[in-house]
Amino acid sequence: MNATTTFIGHIGRKTLDAGGALRVTLAFTARILLHFFARRTYNSASRMVFIHQFYFTAIQILPLFLLVAVIFGSLVNGMAFQVIKNLGLTDFLGRLLMGFIVTEIGPFITVLLIALRSSSAINAEIAVMKVNQELNTLEYFRIDLIDYLFVPRILSGMLSMVLLSSLFAMVVLTIGLFVSSVVFGTSVDAYIETLLNSTTLPDMVVVLLKCALFGFFITLIPIRRGLQASQDLSSIPVAVLNGMVMVFVAIVVIEVLSSIVRFI
18 MNATTTFIGH
28 IGRKTLDAGG
38 ALRVTLAFTA
48 RILLHFFARR
58 TYNSASRMVF
68 IHQFYFTAIQ
78 ILPLFLLVAV
88 IFGSLVNGMA
98 FQVIKNLGLT
108 DFLGRLLMGF
118 IVTEIGPFIT
128 VLLIALRSSS
138 AINAEIAVMK
148 VNQELNTLEY
158 FRIDLIDYLF
168 VPRILSGMLS
178 MVLLSSLFAM
188 VVLTIGLFVS
198 SVVFGTSVDA
208 YIETLLNSTT
218 LPDMVVVLLK
228 CALFGFFITL
238 IPIRRGLQAS
248 QDLSSIPVAV
258 LNGMVMVFVA
268 IVVIEVLSSI
278 VRFI
């Protein structure tokens with residue numbers, strides 16, 4: 018009886034802790050969104066931070082990102098086109114490229130690369146600033162942390178996610194044109210027409226919203242977890258680890274919800 022009671026109590030405490038953390042995160046998200054639409058947020062200092070963050074998130078990663086896109090595009094297009102040819106499913110070429118690679122695989126690989134590189138860096142950066150009391154110093158000089166630190170990073174993550182995912186799609190589709198011309202003898206006009214016939218406006222809207230949500234949460238969560246670091250240096254790796262776990266949970270949840278919306 019005591020073991021059962023202890024177990025139930027443990028589950029109850031975990032549930033309450035999770036609910037409290039979710040409530041705090043939602044309140045923090047609401048504060049961020051309010052600052053999104055405030056004109057005073059976009060001052061010269063915030064714009065400079067945004068430029069630096071965008072360079073770090075989207076520009077510096079370009080060589081690695083393009084290499085991954087080319088390798089992935091070559092492998093997937095080569096294998097998929099050959100399978101389609103062997104099975105006589107040429108009519109499904111456009112659906113494969115637009116309905117699976119562009120709308121599902123492209124954003125997923127992009128968000129993984131950005132999360133592994135930028136989310137962990139943002140998490141560690143905010144945690145270190147919290148431990149070193151740099152955040153308190155900024156607040157002492159009446160610098161709004163949301164305007165100066167948080168919003169520029171989140172906007173940079175959102176814009177980087179949308180642009181890099183679009184670049185990934187362009188690379189894969191360009192490689193697909195080459196492979197299609199070799200395997201099927203498809204002309205450029207026929208290839209473009211196939212892609213356009215397989216593209217729907219709702220799917221493109223869902224993909225853009227999904228990319229924006231990916232970018233929002235893979236930067237917001239690390240910021241929130243970094244703020245939870247204590248004054249102890251040992252709390253930094255714990256904050257980063259917890260933040261990255263929550264980032265990947267958010268990625269999976271957004272991916273599942275977007276798939277449900279697409280297929281309803």
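Last residue of the sequence shown? That's 281 in the working numbering, and every number before it is there in order. Just so you know, even glycine gets a beta-carbon here, dropped at the ideal spot from N, CA and C.
Euclidean distance between Cα positions of residue i and residue j
| i | j | result |
| --- | --- | --- |
| methionine 263 | isoleucine 238 | 7 Å |
| isoleucine 277 | leucine 213 | 23 Å |
| phenylalanine 125 | aspartate 220 | 15 Å |
| serine 183 | methionine 115 | 12 Å |
| valine 290 | threonine 46 | The first residue shown for the chain is 18 and the last is 281, placing residue 290 beyond what the model contains. |
| leucine 230 | leucine 176 | 10 Å |
| glutamine 70 | phenylalanine 265 | 21 Å |
| leucine 79 | lysine 147 | 30 Å |
| leucine 50 | valine 196 | 44 Å |
| leucine 218 | arginine 112 | 14 Å |
| leucine 194 | valine 87 | 13 Å |
| leucine 152 | leucine 162 | 7 Å |
| leucine 39 | arginine 241 | 11 Å |
| phenylalanine 234 | threonine 42 | 11 Å |
| valine 85 | glutamine 150 | 39 Å |
| leucine 180 | isoleucine 268 | 18 Å |
| arginine 279 | alanine 186 | 18 Å |
| isoleucine 122 | serine 91 | 14 Å |
| valine 222 | threonine 120 | 10 Å |
| valine 284 | serine 135 | One cannot answer for residue 284 here, as it falls past the ends of the chain, which runs 18 to 281. |
| threonine 74 | glycine 95 | 30 Å |
| aspartate 282 | glutamine 99 | Since the first and last residues shown for the chain are 18 and 281, residue 282 lies out of range. |
| methionine 18 | isoleucine 160 | Model confidence at methionine 18 stands at a pLDDT of 49, short of 50, so the residue's coordinates are unreliable; what they give is reported in the following sentence. Whole-angstrom Cα-Cα distance: 55 Å. |
| alanine 62 | glycine 202 | 54 Å |
| isoleucine 131 | methionine 178 | 8 Å |
| threonine 58 | tyrosine 165 | 8 Å |
| leucine 250 | leucine 81 | 32 Å |
| cysteine 228 | valine 128 | 8 Å |
| phenylalanine 117 | serine 275 | 13 Å |
The alpha helix (DSSP H) enclosing residue i, as first and last residue numbers
| i | result |
| --- | --- |
| aspartate 220 | 218-244 |
| glutamine 70 | 61-71 |
| arginine 279 | 252-280 |
| leucine 166 | Here leucine 166 belongs to no alpha helix (DSSP H), and DSSP marks it neither H nor E. |
| leucine 114 | It is not in any alpha helix (DSSP H) - leucine 114 carries neither H nor E in the DSSP assignment. |
| threonine 211 | 205-214 |
Closer than 9 Å to chain C by CB, residue i
| i | result |
| --- | --- |
| glutamate 210 | No chain C is present in this structure, which holds just one protein chain. |
ask   = Which residue spans inside the stretch 125-150 form an unbroken alpha helix (DSSP H) run of at least 4?
value = Taken in chain order, the complete alpha helix (DSSP H) segments of 4 or more residues contained in the stretch 125-150 are 137-148.
task = Count the C-beta pairs between the stretch 186-193 and the stretch 241-249 that are closer than 8 Å, then say yes if the count reaches three, no if not.
result = No: the two stretches stay apart, fewer than three of their Cβ pairs being nearer than 8 Å.
inquiry  = For the pair the stretch 60-76 and the stretch 160-174, tell me if three or more CB-CB distances fall below 8 Å.
reply    = Touching, yes, given that three or more Cβ pairs across the two stretches are closer than 8 Å.
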